Structures are given as structure tokens and as C-alpha cells.
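Chains as they are written, first to last, in the numbering used here: chain A, 8 to 117; chain B, 3 to 115.
Encoded structure:
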């Protein structure tokens, strides 16, 4: 199993640009989440999904959209990038109580 | 919602000494407490977890303790080694279905050889 994969690993955007961060898992996990990690703030939940076709907002959803058309894929869309969205983004999926994280995407918005 | 506080934010220990990281939580209904280790530039990885029906759990050199009455839990690392250097996150959640996990702000542990 590849586990949880994310692309790209690094991305630089200009303010106002849009893009999609890709996340996929091959473990048939129902639950998936997107987190952002900022220095001194831990991991904060952006959006999550409890299964294909079902998504909901987390703690910091503004400026982001998600969809879950299949069990495997859970892309995160930045609608109009802002410097405040500079962060490291982690996708995660869960079985039982254990969350498995992807390798992360480091995003810089200039 | 749940609030998890973690202390200290940084911790330096000599190789071979013990390290203790402490967390408190606010939601009395939380009953699952995982700990994650994140090495520099890497993803967080679960290292140990504890559920509320257990007061202590050990796995080789790491142990977690839980005091439900006081709503705090701790990570203990004994005989620290340089490869233990990382950022450690505590977390808390309820169990059953999808439950949001609330993470602490992290402790950067440095083990000095």
C-alpha cells in the first residue's frame, strides 16, 4: 500500500491564484481530513469527510473547498490564494482511532 | 469545543535522561488521547495512544499516563536518544464515528548527545 499520498510537495502561488492540492489513500478508509500546520499553532482542521459524497467544515474552513467523489480521493481547493494561507497542509485518513498522515504540501503565497 | 494545552513548548535533555511532556484538555467527554511524533520536514506519526478506561500504557521506552479527574495526560520518554529529537503533539477526541481531533501546539524535544 502507498498509504496516504499528496501532490505537489511544494507550491508557490501569487495572491489571487487558485489551485488544488491532491490527496489520495489506498487503504479504503472512510474518514479523511485536511489540516494546516503553522508554527506554534499545532494542526488545525480545515475540512473533513466521513465518506464519499459527504464533507463538512472544520475549525478553519474559510477560503477552502473540498469534495469527495470517491473513497480514495479528497482534494482541497484554494479559491483565491492569500498570504495567510501560507502553511504546510496535511491530508490524513483514519481507521479505528489511528490517523495516517500524508507527507504534506508546503505552500507559499506571495 | 475541546481545548488542548501542551507544555513545555521546547525541552532540551541530555542523552539518557528522561523527558516528560504534559497536556490538559477541557472536554470531559473526550476519551481517546493519541500522541504524534513529527521529525523535521516529515509527517506526524502516531507513537502511542491511551483510552480513558486505562490509566497508563507503556511501549518500550515511552509511556503515557492519564488522569481523567484532573483532565490531564502526559508522555514519558526514558533513556532518551538523539533519534528521539522531534516535535511531539498530544491530542484529544471523543470516540465513535467521526470525531474531530484537537491537537496541542507541540513540544520540540532536543536530545543532546
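Using N, Cα and C, we set each Cβ at its ideal position, and we do this for glycine too. This one's a predicted model, so the numbers in the text were calculated from it and none came from an experiment.
For residue 96 of chain A, the nearest beta carbon of chain B is not closer than 7 Å to its own beta carbon.
Residue 58 of chain B carries a strand assignment under DSSP once its states are collapsed to helix, strand and coil.
Taking the Cα of residue 109 of chain A as reference, the smallest distance to any Cα among B:57, B:93, B:47 and B:6 is reached at B:47.
Of all C-beta pairs linking the segment 83-101 of chain B to the segment 36-56 of chain B, three or more are shorter than 8 Å, placing the two stretches in contact. Only exposed fits residue 114 of chain B, as fewer than 16 other CB atoms lie within 10 angstroms of its CB. Just so you know, the alpha carbons of residue 3 of chain B and residue 19 of chain A end up roughly 34 Å apart. Residues of the segment 99-116 of chain A with a C-beta less than 7 Å from any C-beta of chain B: 104, 105, 106, 108, 109, 110 and 111, listed in chain order. By the CB criterion at 7 Å, residue 27 of chain B and residue 56 of chain B fall outside the cutoff. Under DSSP, residue 68 of chain B forms a beta bridge with B:75.
Rounded to the nearest angstrom, the Cβ distance from residue 32 of chain A to residue 10 of chain A is 7 Å, consistent with a contact under 8 Å.
Not one beta carbon of chain B lies nearer than 7 Å to the beta carbon of residue 60 of chain A.
Per the coordinates, the alpha-carbon of residue 85 of chain B lies some 16 Å from the alpha-carbon of residue 12 of chain B. Residue contact check for residue 42 of chain B against chain A: no CB pair falls below 7 Å. Comparing C-alpha distances from residue 117 of chain A to each of A:90, A:13 and A:8 shows the shortest one belongs to A:90. A check of alpha carbon separations from residue 77 of chain A across A:37, A:68, A:111 and A:52 identifies A:37 as the nearest.
When 7 Å is used as the limit between beta carbons, residue 108 of chain B is near these residues of chain A: 49, in chain order. Among the residues facing chain A, residue 46 of chain B is included, as its CB has a counterpart in that chain under 7 Å away. Contact between the segment 16-30 of chain B and the segment 42-50 of chain A is absent, with fewer than three C-beta pairs closer than 8 Å. Closer than 7 Å to the CB of residue 100 of chain B there is at least one CB belonging to chain A. An exposed status is given to residue 115 of chain A, since fewer than 16 other beta-carbon atoms sit within 10 Å of its beta-carbon. In the displayed model, residue 36 of chain B falls within a strand according to three-state DSSP. Between residue 100 of chain A and residue 26 of chain A, the C-beta gap is not smaller than 7 Å, which leaves the two residues out of contact. Burial is judged here by how many other beta carbons sit within 10 angstroms of a residue's own beta carbon; residue 71 of chain B has fewer than 16 and is exposed.
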